[in-house]
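I have placed the structure first, in the form of structure tokens, so that the comments after it can refer back to it.
Number of protein chains: 2
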Amino acid sequence: MLDAALAQLVQHGYDSLSIDVVAERSGVHRTTVYRRWRDVGGLLADVLHEASVDAWRPPDTGSLEGDLTAVNQEVQAALTGDPVTVALIAASFRSTQAATALRAFWTDRYDRCTDIARRAVDRGEIPAGTDARRLLIAATAPLYHELVLLRSAADPRLPEQVARSVAIAASAGAFS
Amino acid sequence: MLDAALAQLVQHGYDSLSIDVVAERSGVHRTTVYRRWRDVGGLLADVLHEASVDAWRPPDTGSLEGDLTAVNQEVQAALTGDPVTVALIAASFRSTQAATALRAFWTDRYDRCTDIARRAVDRGEIPAGTDARRLLIAATAPLYHELVLLRSAADPRLPEQVARSVAIAASAGAFS
Numbered sequence: 001m002l003d004a005a006l007a008q009l010v011q012h013g014y015d016s017l018s019i020d021v022v023a024e025r026s027g028v029h030r031t032t033v034y035r036r037w038r039d040v041g042g043l044l045a046d047v048l049h050e051a052s053v054d055a056w057r058p059p060d061t062g063s064l065e066g067d068l069t070a071v072n073q074e075v076q077a078a079l080t081g082d083p084v085t086v087a088l089i090a091a092s093f094r095s096t097q098a099a100t101a102l103r104a105f106w107t108d109r110y111d112r113c114t115d116i117a118r119r120a121v122d123r124g125e126i127p128a129g130t131d132a133r134r135l136l137i138a139a140t141a142p143l144y145h146e147l148v149l150l151r152s153a154a155d156p157r158l159p160e161q162v163a164r165s166v167a168i169a170a171s172a173g174a175f176s
Numbered sequence: 001m002l003d004a005a006l007a008q009l010v011q012h013g014y015d016s017l018s019i020d021v022v023a024e025r026s027g028v029h030r031t032t033v034y035r036r037w038r039d040v041g042g043l044l045a046d047v048l049h050e051a052s053v054d055a056w057r058p059p060d061t062g063s064l065e066g067d068l069t070a071v072n073q074e075v076q077a078a079l080t081g082d083p084v085t086v087a088l089i090a091a092s093f094r095s096t097q098a099a100t101a102l103r104a105f106w107t108d109r110y111d112r113c114t115d116i117a118r119r120a121v122d123r124g125e126i127p128a129g130t131d132a133r134r135l136l137i138a139a140t141a142p143l144y145h146e147l148v149l150l151r152s153a154a155d156p157r158l159p160e161q162v163a164r165s166v167a168i169a170a171s172a173g174a175f176s
């Protein structure tokens with residue numbers, strides 16, 4: 001049912017999404033769909049919750065710049081190759097439940113990424129007391145800004161450029 | 001008519017916006033509204049175009065960190081105090097014309113902000129050849145990310161924190 005909902009969202013947009021359509025696409029009785037989600041907001045929240053109960057761990061490349069580059073390559077791939085990500089961000093402007101779930105998804109990702117900052121501290125690359133969340137947001141926000149808000153074409157150099165500038169700032173103590 | 005359109009967008013959302021509603025709110029005949037805009041996308045594009053033909057110049061505080069802090073305070077004020085800004089960003093996910101106009105608005109702002117980088121180069125704060133657009137996006141993207149995508153509460157320290165980290169990165173040559 002989640003796959004059916006996502007396919008509908010990507011192909012026909014938020015306005016087309018309804019319990020009835022998901023029931024029809026997934027071949028499940030509408031009562032079953034309704035019992036599980038009540039409304040489209042609940043359905044989108046569940047999609048995001050499902051996406052976050054994975055085993056994802058941040059990449060471990062041996063350097064802060066390498067780790068941030070690898071994270072950014074994943075972000076760029078998701079924002080350019082996978083229409084689901086942008087469709088969910090767009091839906092977050094329509095549904096408070098989706099917005100809350102998206103925030104929870106990202107917060108969980110930032111929490112997992114504290115490993116990146118901890119390892120960089122252990123290696124002596126950045127000062128102890130570096131704020132991992134601020135570091136991660138600085139490292140990823142320019143990609144979202146370019147690809148989601150400015151709708152720029154993907155620049156294959158961008159993940160590494162942004163990672164390098166943030167690693168330099170972090171080593172100079174800019175996030176502590 | 002533009003004011004009527006914006007008021008409708010902010011109060012009742014994109015779905016409520018139509019040529020008829022704008023005609024009614026502004027007391028102008030619908031033919032006049034229709035002749036000017038054709039559709040809601042054209043209307044929103046015009047709103048953004050109007051917003052960009054102003055005399056805005058970037059703040060000149062005497063330091064790169066000061067200039068970026070002042071820009072970020074304006075961004076934070078717009079994203080938290082003025083519902084029009086977020087409503088236009090939300091509308092950009094509904095209308096290709098609005099998305100294109102938003103991109104043009106921001107691009108014009110980045111062009112004007114090249115003065116910030118040029119002055120910092122002249123003062124010897126950052127290396128010649130610094131990419132002003134990358135610098136500006138790094139300096140503002142975390143605010144949009146926190147306030148628009150993550151829907152975080154505004155943190156009054158954020159404009160300066162982000163400005164400082166980007167000024168440090170820029171002085172280390174991270175954007176050249």
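These protein sequence lines are chains V and X, in that order. If you count the first sequence from 1, position 35 lands on 35 in full-length UniProt numbering, and the numbers rise without skipping. If you count the second sequence from 1, position 118 lands on 118 in full-length UniProt numbering, and the numbers rise without skipping. We put the CB at the ideal spot given by N, CA and C, even for glycine.
L143, Y144, H145, E146, V148, L149, L150, R151 and S152: these are the residues of the segment 143-157 of chain V whose beta carbon lies less than 9 Å from some beta carbon of chain X, given in chain order. The DSSP-derived three-state label of C113 of chain V is helix. The three-state reading of DSSP puts V33 of chain X in helix, counting H, G and I together. Cα atoms of V166 of chain V and T69 of chain V: separation of roughly 10 Å, rounded to the nearest angstrom. By the beta-carbon neighbour count (other beta carbons within 10 angstroms, threshold 16), P156 of chain V is exposed. Interface with chain V (8 Å Cβ-Cβ cutoff): W106 of chain X is included.
In this structure, the beta-carbon distance from I168 of chain V to A172 of chain X falls below 8 Å. Using a C-beta cut-off of 8 Å, the segment 3-19 of chain X makes contact with the segment 40-59 of chain X, since at least three inter-stretch Cβ pairs fall below that distance. At a cut-off of 8 Å between C-beta atoms, R109 of chain V does not count as an interface residue with respect to chain X. Of all residues in the UniProt domain "HTH tetR-type" (1-55) of chain X, none places a beta-carbon less than 7 Å from a beta-carbon of chain V. From the listed residues X:A77, X:E50, X:E125 and X:R151, the smallest Cα separation to D3 of chain X is found for X:E50. Taking a Cβ-Cβ threshold of 9 Å, none of the residues of chain V is close to R118 of chain X; the smallest such distance is about 19 Å.
Taking C-alpha positions only, G124 of chain V is separated from D60 of chain V by approximately 16 Å. Using a Cβ-Cβ cut-off of 8 Å, I126 of chain V does not count as an interface residue toward chain X, since no Cβ of chain X sits closer than that to its own. Taken in chain order, the unbroken stretches of alpha helix (DSSP H) that lie wholly in the segment 98-157 of chain X and span 4 residues or more are 114-122 and 132-144.
Burial of V22 of chain X is indicated by the presence of at least 16 other C-beta atoms within 10 angstroms of its C-beta. Each of V:L147, V:Q73, V:Y110 and V:I19 was checked against the Cα of R35 of chain V, and the nearest Cα belongs to V:I19. By the rule that beta-carbons nearer than 8 Å mark a contact, R164 of chain V touches chain X. The CB of A99 of chain X comes closer than 8 Å to the CB of R151 in chain V, given here in chain order. For R112 of chain V, there are no neighbours in chain X by C-beta distance under 7 Å, as the nearest C-beta there is about 16 Å away.
The Cβ-Cβ distance between A87 of chain X and V10 of chain X falls below 8 Å. Q73 of chain V does not reach chain X, its nearest Cβ partner there being about 18 Å away, counting only Cβ pairs nearer than 7 Å.
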